[in-house]
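Single-structure report; data block below.
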Amino acid sequence: MKLCAALVGGIVGWTGMAQAAKPPAKPQLVRFDFSATVQADGTLADIQPDAALAENLQAMIRRRVATWRYTPLQWQGKAVAAPVSQSIKLEIVPVAESSFAFRILGVGKQEKPALIVRRTEKTPMSPPRFPPELMRSGVNAVLVYAVLYDAAGKPIEVELVYPGKVDRVYERLDVASREAMAKWSVPHTFEGAPIACRDNVPITFQTGDLSGQLQAPPEVAELFDRYTDMCPEAKLETPVAGTFL
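Residue numbering for the sequence shown follows our numbering, starting at -3 and increasing by one per position.
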């Protein structure tokens, strides 16, 4: 769970003080991590909140997450059980003079290896070469690709889906990205057997001068709905934004 120790300690302290402390004047943002198994019918089993959280918070997370439903991991009509690891993004909001609650803002995507091109960062997959003059100019950009991998994991079709229109800077970043991807080997399997499938691949060119990782707009994910050969992934179906933990 990526959360500062002081904030965790504060939450634990509040929950154990029988509402003796006043809630913060402004909502504070927190995130709680959990892992679970998405069963073939879309229900969850073996829900494990972050062990660093207080027991009462872990119990709250288990109760809430147990009510959620997922699209299970499936390929060509067959569904199987699969593990998931995700983060619940929340804000702390006052609900009475001396009480507060956790309102869910959303659930983060499952963790995938992020391919970020920085000045010094090294990644397992060969990242694109950041054009030196663009790096010196402080260029920061996100490109999102639909990449079709064959059964051996080699990219056989690469389509830039974001941004929709490119200028000369993005053209150069696109060329660098494609040159790197041509050397990749990213095999996918289903029930132990290799499969050919298409994946959502974001590539971030980042100078390191920003706080945090650049992200493509959320609506970009909808551009992948038109593909019928996306690589298997369990996805949350239950609308949770705006509900409480």
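For each residue, glycine too, the CB sits at the ideal point set by N, CA and C.
F28 sits close to I84, with the two beta carbons spaced by under 8 Å. Within a 10 Å sphere around the beta-carbon of S173 sit 16 or more other beta-carbons, which makes this residue buried. Distance check between A62 and each of A78, G73, L49, G38 places G38 closest, using alpha-carbon atoms only. Runs of the alpha helix (DSSP H) spanning 4 or more residues and lying entirely within the region 161 to 189 occur at 164 to 177, in chain order.
For P124, there is no enclosing alpha helix (DSSP H), as DSSP gives it neither H nor E.
Excluding five sequence positions before and after P79, the CB atoms of its chain that fall closer than 7 Å to its own CB belong to S31, T33, given in chain order.
The C-alpha of R222 lies about 25 Å from the C-alpha of V171. Counting C-beta pairs closer than 8 Å gives fewer than three between the region 150 to 166 and the region 225 to 233, which falls short of the contact rule.
Non-local C-beta neighbours of A212 in its own chain, meaning closer than 7 Å and more than five positions away in sequence, comprise V138, V140, Y158, P198, ordered along the chain. DSSP places A55 within a helical segment (H, G or I) once states are collapsed to three.
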